[in-house]
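Position one of the sequence shown corresponds to residue 2 (the working numbering), numbered consecutively onward.
Even for Gly, the Cβ is constructed at its ideal location relative to N, Cα and C.
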Amino acid sequence: MSQSRLSTALEDGLIALPSGNIALMRPPATYDVSALPRGDLQIVHGFFPDYAAWQGAGYPVSQDLTRVSAAIVVVPRAKALARAMVAEACAKADFVIVDGQKTDGVDSLFKACRKILGDLPSVTKGHGRIFWFAATDQFADWTAPAPAKGPHGYFTTAGVFSDGAVDAGSALLAEALPAKLPARMADLGAGWGYLAAPVLARTGVKSLDLIEAEALSLACARLNVDDPRVSFHWADATRHEAAAYDGIVMNPPFHTGRATDPSLGRAFIQAAAGLLAPHGKLWMVANRHLPYEATLTECFRNVDTIGGNGAFKVFHANRPHR
Numbered sequence: 002m003s004q005s006r007l008s009t010a011l012e013d014g015l016i017a018l019p020s021g022n023i024a025l026m027r028p029p030a031t032y033d034v035s036a037l038p039r040g041d042l043q044i045v046h047g048f049f050p051d052y053a054a055w056q057g058a059g060y061p062v063s064q065d066l067t068r069v070s071a072a073i074v075v076v077p078r079a080k081a082l083a084r085a086m087v088a089e090a091c092a093k094a095d096f097v098i099v100d101g102q103k104t105d106g107v108d109s110l111f112k113a114c115r116k117i118l119g120d121l122p123s124v125t126k127g128h129g130r131i132f133w134f135a136a137t138d139q140f141a142d143w144t145a146p147a148p149a150k151g152p153h154g155y156f157t158t159a160g161v162f163s164d165g166a167v168d169a170g171s172a173l174l175a176e177a178l179p180a181k182l183p184a185r186m187a188d189l190g191a192g193w194g195y196l197a198a199p200v201l202a203r204t205g206v207k208s209l210d211l212i213e214a215e216a217l218s219l220a221c222a223r224l225n226v227d228d229p230r231v232s233f234h235w236a237d238a239t240r241h242e243a244a245a246y247d248g249i250v251m252n253p254p255f256h257t258g259r260a261t262d263p264s265l266g267r268a269f270i271q272a273a274a275g276l277l278a279p280h281g282k283l284w285m286v287a288n289r290h291l292p293y294e295a296t297l298t299e300c301f302r303n304v305d306t307i308g309g310n311g312a313f314k315v316f317h318a319n320r321p322h323r
């Protein structure tokens, strides 16, 4: 396997790390840390599957960045979140490294940083770029504001899915829900909680578990949903364990980075089937081009298409196979 950008820059002597603790911010579970001193490394993450993977590998992991000597920002897809991470790194570290893929916007972030700081050293490799600089207060205005209520009436923040508008697929699913729903409900991949209101408005619902992997989204859901029937779970929906549900709603994710990855939706379907009671029911929306019918049929005895438009399709499935 070829060296990562970080290993190349460190082993070639281009980056001289200061002594002390190093924070690695939002690295995927496969991120190469072989060139970093393990005893000094701490992981900062808000995405539960990666958080759990690093924790399982024996690294100290937390959601919050503390004071460190160096912070490594692994660029996320969301531009506003990437900028906020740079601002936070500058506020909490003496030295900042930024590493990311071109498809995640690292080049535009590099240009924005150069516009403020002038020329910066960098290495391009593997369809991405790594660059570094001494921490500065020049990025203070990139700090993410607290979650705010948007024109749609919901609290969202930088880095959450569909932060500027209600997702059209979720809206379509809400419209397709029947007037009565089962008593014990769950929303897998609940995001910032949009589906909670239409679910709770149906008769018959006695409890609703919101299960969401992104801590930023779940924090917004706590602001958006105020109902004693609701419980919030920071968890990987595909690995979540709970007493059997009577009904599940979901609008599963289908991207890994910027690439379409239907296996994510298939994993959600399989997880839903495993979490439902024998009489359980699933309501699910998906982009029309995604091939989920076969997985639904494998996992449930009855599968029907109950709604849709040119972009989305809504499924109702019941009686999961055991």
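Around the Cβ of residue i, are there at least 16 other Cβ atoms within 10 angstroms (buried) or fewer (exposed)?
i	result
N310	exposed
N303	exposed
R27	buried
P253	buried
H317	buried
A214	buried
G281	buried
I117	exposed
A58	exposed
S20	exposed
R267	buried
A166	exposed
If you draw a straight line from the alpha carbon of residue i to that of residue j, how long is it in whole angstroms?
i	j	result
D120	I16	15 Å
V286	P148	26 Å
L178	G205	13 Å
L211	H234	6 Å
G170	P122	43 Å
I249	Y32	33 Å
L82	F162	12 Å
So, with DSSP's three-state summary, where would you put residue i?
i	result
T204	strand
L189	strand
N288	strand
F111	helix
Q4	coil
Y52	helix
R1	Residue 1 cannot be examined here, being either before or after the span of the chain that is shown, 2 to 323.
Starting from residue i, follow its DSSP beta bridges and name the residues at the other end.
i	result
S20	Per DSSP, none; premise fails for S20.
R78	None, per the DSSP bridge assignment.
K150	F156
Can you find the residues in the same chain that come closer than 7 Å, C-beta to C-beta, to residue i, ignoring five residues on each side of it along the sequence?
i	result
C300	I270, Q271, A274, P321 and H322
A141	A88
Between which residues of its own chain and residue i is the CB-CB distance below 6 Å, once the five residues before and five after are set aside?
i	result
I98	I73 and W133
A24	Q43, V45, L66, V69 and A72
Y60	I44
Tell me which same chain residues have a C-beta within less than 8 Å of the C-beta of residue i, skipping the five on either side of it?
i	result
K207	A184, R185 and R230
W143	R84, A85, V87 and A88
E12	Q4 and A36
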